[in-house]
Structure formats: structure tokens, C-alpha cells
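S.K.:
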Amino acid sequence: MSIFVCNSCKKEIDEEQFLENLNVCPNCGKHYYLDSWSRIKTLTDENSFNEIGKEINSVDFLNFTDLKSYKLRLEEARQKSKVSEAIIVGSAKISGFDVGIGVMDFSFMGGSMGSVVGERIKRLADYVISKEIPLIIVCASGGARMQEGIISLMQMVKTVSAVKRVKEKGLLYLSIITDPTTGGVSASFATVADIIISEPGALFCFAGPRVVEQTIKKKLPEDFGLAERNLRNGQVDMILNRKDLKPTLAKLLGIFTKEDKSLIDK
Amino acid sequence: MNNHTNVNNDNKDNKIENLTSKLNKINILKKFSLLSKLSFKNARTNLVSSIKNLKRENRILEKTWEIVTLSRNENRPKTIEYINGIFEDFVELSGDRLCEDDKAIVGGFAKLGERSVAVIGHNKGKNIKERVEFNFGMPNPSGYRKAMRIMEIAQRFNFPLITFIDTPGANPAIEAEDHGQASAISHSIEFMLNLKIPVICIFIGEGGSGGALALAIGNHLVILENSTYSVISPEGCAAILWKDQKEVKKAAAMLKLTAIDLYKLGAVDKILREPKGGAQNSHEKMIHILKNYLKNILTEYDKYSGEELKELRMKKFESFGFFS
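Chains as they are written, first to last, in the working numbering: chain Y, 1 to 266; chain P, 1 to 324.
(1) So is E119/Y in contact with chain P if we call contact Cβ pairs under 7 Å?
(2) Could you tell me whether the Cβ of K256/P comes closer than 7 Å to any Cβ of chain Y?
(3) With a threshold of 16 other CB atoms inside 10 Å of the CB of T299/P, please say whether the residue is buried or exposed.
(4) Anything in the segment 155-183 of chain P with a Cβ closer than 7 Å to a Cβ of chain Y? List those residues in chain order, please.
(5) Kindly list, in the order they appear in chain P, the residues whose Cβ is closer than 7 Å to that of C205/Y.
(6) Ends of the beta strand (DSSP E) at H179/P?
(7) Going by DSSP in three states, V83/Y sits in which element: helix, strand or coil?
(8) By the three-class DSSP mapping on this structure, what secondary structure does T65/Y have?
(9) Check the Cβ-Cβ distances between N7/Y and every residue of chain P, and say whether any is below 7 Å.
(10) Look at P249/P and L54/P and say whether their C-beta atoms are less than 7 Å apart.
(11) Among P180/Y, F206/Y, L171/Y, K93/Y, which residue has its Cα nearest to the Cα of E46/Y?
(12) Contact defined as beta carbons within less than 8 Å: I believe V99/Y pairs with P134/Y. What is the distance between those atoms, to the nearest angstrom?
(13) Between which two residues does the beta strand (DSSP E) holding R115/P run?
(14) So what does DSSP say about Y33/Y, is it helix, strand or coil?
(15) Relative to the C-alpha of V138/Y, which residue among I197/Y, E16/Y, Y32/Y, L220/Y is closest?
(16) Assuming G205/P is part of the beta strand (DSSP E), what are its boundary residues?
(17) For S107/Y, which of A125/Y, A86/Y, P26/Y has the nearest alpha-carbon?
(18) When you compare only the Cα positions, how much space is there between L19/P and K30/P?
(19) Please state the DSSP three-state secondary structure of I80/P.
(20) With distance defined between alpha-carbon atoms, name the residue in T167/P, G137/P, S183/P, E133/P nearest to M148/P.
(21) Less than 7 Å between CB atoms is the rule here; does S48/Y satisfy it with respect to chain C?
(22) Show which residues of chain P have a CB atom less than 7 Å away from the CB atom of V59/Y.
(23) Which residues of chain Y have a Cβ atom closer than 9 Å to the Cβ of L221/P, listed in chain order?
(24) Let me check one thing: in DSSP terms, what residues is T181/Y bridge-paired to?
(25) Given that M115/Y touches chain P, what residues does it touch there, using C-beta distances under 9 Å?
(26) Identify the contact partners of D35/Y in chain P, using a Cβ-Cβ distance below 9 Å as the criterion.
(27) Quick one: which chain Y residues come within Cβ less than 9 Å of H122/P?
(28) Answer with yes or no whether the minimum CB distance from A291/Y to chain P is below 7 Å.
(29) Consider the Cβ of S188/Y: report whether some Cβ of chain P lies at a distance smaller than 7 Å.
(30) Can you say whether C28/Y is buried or exposed, counting buried as having 16 or more other CB atoms within 10 angstroms of its CB?
(31) Measuring only from the beta carbon, is R44/P closer than 6 Å to any heavy atom that is part of the ligand FMN?
(32) Checking the sheet assignment: what are the DSSP bridge partners for T258/P?
(33) Below 8 Å on the Cβ atoms is my guess for T79/P versus I232/P; work out the distance and round it to an integer in Å.
(34) Look at P77/P and H283/P and say whether their C-beta atoms are less than 7 Å apart.
(35) Which ranges does the beta strand (DSSP E) cover as unbroken runs of at least 3 residues, wholly within the segment 84-151 of chain Y, from first to last along the chain?
(36) Closer than 8 Å, Cβ to Cβ, to anything on chain P: give me those residues from the segment 152-166 of chain Y, in chain order.
Take a look at the structure:
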């Protein structure tokens, strides 16, 4: 049996129990990182997920080299993380409802958004439009991928445009905010959703705490950018514990899919 | 945002020095016939080309940094000068109708010849007093919401929209975050994508990240020769990726933020030449160049219907991306 110490409540946690609890501390409820595949497993019906756009991969088109080349960073990320890019998208069922779902993964270069994240979201949007089903995106990102220069900034517009087409078709778009969601992702598709759900304690802001602190040269409030403050400030619709996400999604899908569509068709 | 960072040139200069001294050494060895002809030739070719490459890289770094500096030059014409110089009868609107009036964004309606137009831009201010008052052109959410108000009116009256981009970025502050900075930017992007009017965006100085992007969703994107547009400031990029503020020049060169680089990547549609040495040297000439260009380009967009303009804009932005 392996044990680790929760960095929030400092209690010793049995790892098996922690995993069973979807990477949430069973003692204090702190929500830890969850990889995309585990997230898909917890949210969607068994074996219902079919990946879209997995064949597209990032390229180092600017020959960007900082301390390491982008090429090398990509190779390392592919080896180190369980995913092929910072987002996995596909079709799935949630409690029997057909949906298109995208799940970002912070372990792949900080969940940063480059061309592939943009293109996969676009293809997912095209798919949900063709099937007339709702769109769900689980966000986790440090922002735009600097190694793709201005083209990464353009992905903000590309993704907003793609999900806009989904909304224009009268289809529901939900975004789920997980820790952390900042920068270019927070200021694009994450915040134009019809309904925004946040996990407890998730950092969700445009400028990160370090940047703001350095600029204003004052200590930030402890809850700066966090879910609970965002709820108070009207930036998210609700905060849900990880285990409550799927049942609430099912409720929302029940409310929005059938009845709404019949109204729109008239 | 910090214009006065110490810049690190030492590494590269040292490398060039080392290679040059090596080259001198082998030249001496050759003189005394201590090197065979062939190995001398090879060694010299390699050294000469290494020195050449380093010098070339250096030149790109210097040239890029010169443009970054020019783009931030305090004497460049600002949005308000362009508005007053290009248009007639400008009437400014204020406030977001929710909580405040953000001075970092200026906007309203005006005439361009026979046409009525909407104009919006980042407001940097021409002296210290103004710059502080306008928060250096770094908008709060209320600024973007004011901009959307103006866009909505433009849409209803079928006026073309012209935006002027010149900002270090959106205001990084507690209140800005509390009032939904991320949401204000994303909604401004969405709002601009939806417009059924011609939208022309002009980069006149600093195009700082999301704060610039929020006003830059146009059918046609124009950049002045010495302006920049970047996903992050060179200072921010150097701090994050190099973990060293001194590497700003390298970061700037890597980011491909100059007009020519942006044009090659398809991120802008037109580069306008500035008066010799930069727009700061002749405001009048710059304004004249831009006014003529604007008049012509607006005529070109007359042939499109509102729906076409919206569709073209969405398609344009959805086509960005390089992948295999």
C-alpha cells in the first residue's frame, strides 16, 4: 500500500483510495490533476469514446529554440504524458446522450494551445454540427503555446469561431474548468460557453497570479482567480465536485437536447 | 512591459570572438606550414561559415529589437491622432453601461469622406500624465464592453468598423480579473466575428497578446512597418522560456513578431511603409499614407454582403494553423 501526503490538508492519504476517488483527496476534497484518458473514463459511458483527429500532430514550423528546441519539447511531451497533444477530442455518450467531447491535458506542455489544439477543436465542432449533438470541453491550460508565435494567438479566434458555429446551430456548448485554466484558453473558447462549470479550487483567470503580483507589486488575496471567487464574481455558473460532474451533465443534456431541438426546428 | 531590461549580447559576442581567434591561429599555423593544405582549407571554411552564421543571427536579433523599440516609441502617432487626422466630425462615446468608462480604449463615430464609420482603438496617451490616466493603453473588461457597445451600433447602422491596435496587453490587475478580463476578451472576439460590416484593423505600434487580439478580428489586417504583434511580450517570453529576462532579444527574434514575419505567416494582410526612420519622424506623412489606404480598401469591401463579410472573416481565422 502506498501513501502520500496531501499538499492541502497535509494528511497522509492512501493512494489506492485517492485513485478510487478520481484523484480527489478523500480527507479535504482537494482536486488534483487528472489525465485526459482517466477524465474521459469518469465522464463518459463505458467504451463509448471514439477519438477524432488523433492523426494530426504539432510541427516546429518556426524552428523555435529557447533552452530546448520546440521539436525536442514535443518529443519529450509525447513520451512523458499519456496523450498525443494537449487535447483529446472525440464522440462519446454520457448517460446515454450523444455528445462531442474534448478534454485538455495539462501534462502535455502545460496544456498549451497551438495549431493542433485549435484544429482538433475545430474538427470536434464540425462533428457535433453534423450530428446535431451538444459540445463539451474540459479545459486545463497555461495559455497559448509561445513556440508557435502569432499562430498560437490565432487559435484563440479559431476556437471561438468553431464553437460559435455550434452555438449558432442551436446546439448546447458546455465548458468545464479544471485547475489551471489561464491565458489564451480562458480568454477564448472556455469563456464563450453557454454554461461554465468549475471544479473546486481551480485557478481560472486571464493573467496568472505571478504576472499580476509582479505588475501591481502587492500581495494578492489568497483566493485570487480561484473557483470560489469566480463564482462570487459571476464568472462561472457553478462549482461541482468531480464525482458530481457526470450526473449534472446528464441532467443538463436531458434538459437541453430533445426539447430544445424540436423548438428550433419549428 | 519593462522596456529597460538589460539585454544579453555577451554569449554571442564571445562566441564570435573565440571563433575569430581560432581563425587567426590557424592562419598563423598555415604561415609556418604546420598545417597540411587540405586540413587548413577545411578548418578555415568551417570557421568562416560559423562566424558568418553567428553574425547573421546577431543582425536578425538587432534588427528585430530595433523594431520592438520603435513599436514602443513614445513619439509614434497614437490612436487619437490617427482618428483626428484621418476622419472628420469624430464624436467619442463613453462607458460600458455596466460600471465604468475605461480610458484605455477610445471609440466613437466619424466621417471618412462621404462614409459614416465606427472607430475604436487602444488609447496610450501622448505624455506621462495621459499615459497614467489611460493606464498605458491596457484595457479593463469595461473597455472591451464599451467597444462592443460601439460595434453593436455600427452593425445596426451598417457602418464599417476601423480599429487601431496599440497596447502592451490587457490590464493585469485584481479588479480586471474580478470583472472578467478573460470573458471580456473572448466575447469581444466572438462579437467581432459576428459583425456583418467590413472590419479593418490597423496595428500602429505594440500588438500585445490577447489585449490586442480582442480588437483585431478584422476582414483585413493592416500593419505599419515598425509595429509588432505577438502572443506574449519578449520580456514575458524570455522570463518563462529562458528563465532569464536578459534574453529578450532572442525571445523577440524567435516569436516572429515583426511586420514582415507576420505577413509571411499570413497573420496580417498588408504592410504599410512608414516615413523614413519611423512614423514618429513625420506624423503627417504617416496619417496621410494611412488615410489613402483606408479609403481605397473600404471601397474594395463594398462588393460584399454582410453575411459574406461575416463568413469570410470566420473562415479566415479558422484557417490558421500548421500541423502534420
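C-beta: ideal position from N, C-alpha, C; glycine also. Since we're looking at a predicted model, the values are computed, not measured.
M.R.: With the structure as the only source:
(1) Locating residue 119/Y in the first sequence gives position 119, where the first residue counts as 1. So, interface residue.
(2) The residue labelled residue 256/P in the question sits at position 256 within the second sequence. Yes - at least one Cβ of chain Y is within 7 Å of the one on K256/P.
(3) As a first step, residue 299/P is located in the second sequence; it is residue number 299 there, counting from the start. With fewer than 16 other Cβ atoms within 10 Å, it is exposed.
(4) A170, P172, A173, I174, E177, D178, G180, Q181, A182, S183
(5) Residue numbering aside, residue 205/Y sits at position 205 when the first sequence is read from its first letter. Correct list: E177, A182.
(6) Working through the second sequence from its first residue, we reach residue 179/P at position 179. That residue, H179/P, is in no beta strand (DSSP E); it is neither H nor E in DSSP.
(7) Position 83 of the first sequence holds residue 83/Y. Residue state, collapsed to three classes: coil.
(8) As a position in the first sequence, residue 65/Y is number 65, starting the count at 1. Strand.
(9) Residue mapping note: residue 7/Y aligns to position 7 of the first sequence, counting from 1. It does not; no Cβ of chain P falls within 7 Å.
(10) For the purposes of this step, residue 249/P is identified with residue 249 of the second sequence, where counting begins at 1. For the purposes of this step, residue 54/P is identified with residue 54 of the second sequence, where counting begins at 1. Note that residue 249/P corresponds to Lys in the displayed sequence, not to Pro. No; because the gap between Cβ atoms is not below 7 Å, this pair is not in contact.
(11) Walking along the first sequence from the start, residue 46/Y turns up at place 46. The shortest Cα separation from E46/Y among P180/Y, F206/Y, L171/Y, K93/Y belongs to K93/Y.
(12) Translated into positions along the first sequence, residue 99/Y becomes position 99. Translated into positions along the first sequence, residue 134/Y becomes position 134. The pair is a contact, with the Cβ atoms about 5 Å apart (cut-off 8 Å).
(13) Counted from its first residue, the second sequence places residue 115/P at position 115. Start and end: 115-122.
(14) Reading the first sequence from its first residue, position 33 is the one you call residue 33/Y. Here Y33/Y sits in coil by DSSP.
(15) The count along the first sequence starts at 1 and reaches residue 138/Y at position 138. The candidate whose alpha carbon is nearest that of V138/Y is I197/Y.
(16) The count along the second sequence starts at 1 and reaches residue 205/P at position 205. 199-208 is the extent of the beta strand (DSSP E) around G205/P.
(17) Along the first sequence, read from residue 1 onward, the residue named residue 107/Y stands at position 107. Closest by alpha carbon: A86/Y.
(18) In the second sequence, the residue the question calls residue 19/P occupies position 19. In the second sequence, the residue the question calls residue 30/P occupies position 30. Their Cα atoms are separated by approximately 16 Å.
(19) Start at 1 with the first residue of the second sequence, and residue 80/P comes out as number 80. In the structure shown, I80/P sits in a helix (DSSP, three-state: H, G or I).
(20) Here residue 148/P is taken as the residue at index 148 of the second sequence, counted from 1. The shortest C-alpha separation from M148/P is found at S183/P.
(21) No chain C is part of this structure, whose protein chains are labelled Y and P.
(22) The count along the first sequence starts at 1 and reaches residue 59/Y at position 59. Going along chain P in sequence order, the residues near V59/Y (Cβ under 7 Å) are F322, F323, S324.
(23) Numbered from its first residue, the second sequence carries residue 221/P at position 221. Within chain Y, no residue comes near L221/P; the closest Cβ sits about 11 Å away, beyond 9 Å.
(24) Residue numbering aside, residue 181/Y sits at position 181 when the first sequence is read from its first letter. Partner(s): S141/Y, F204/Y.
(25) Residue numbering aside, residue 115/Y sits at position 115 when the first sequence is read from its first letter. The amino acid at residue 115/Y is misidentified as Met; the sequence shows Ser. Going along chain P in sequence order, the residues near S115/Y (Cβ under 9 Å) are F320, G321, F322, F323.
(26) Walking along the first sequence from the start, residue 35/Y turns up at place 35. Chain P residues near D35/Y: none, gap ~22 Å exceeds 9 Å.
(27) Reading the second sequence from its first residue, position 122 is the one you call residue 122/P. Ordered by position in chain Y, no residue passes the 9 Å Cβ test against H122/P, which lies about 16 Å from the chain.
(28) Nothing about residue 291/Y can be read from this structure; chain Y reaches only from 1 to 266.
(29) Within the first sequence, numbered from 1, the residue matching residue 188/Y stands at position 188. S188/Y counts as touching chain P.
(30) Reading the first sequence from its first residue, position 28 is the one you call residue 28/Y. By the 10 Å Cβ count, C28/Y comes out exposed.
(31) Inclusion of the ligand FMN in the displayed structure is not the case, the ligand content being empty and no account of it being possible.
(32) Position 258 of the second sequence, counted from the first residue, corresponds to residue 258/P. T228/P.
(33) As a first step, residue 79/P is located in the second sequence; it is residue number 79 there, counting from the start. As a first step, residue 232/P is located in the second sequence; it is residue number 232 there, counting from the start. About 22 Å separates the two Cβ atoms, so there is no contact after all.
(34) For the purposes of this step, residue 77/P is identified with residue 77 of the second sequence, where counting begins at 1. For the purposes of this step, residue 283/P is identified with residue 283 of the second sequence, where counting begins at 1. Yes, these two residues count as a Cβ contact at 7 Å.
(35) 87-94, 97-104, 135-141
(36) S152, L153, M154, Q155, M156, V157, K158, V160, S161, A162, K164, R165
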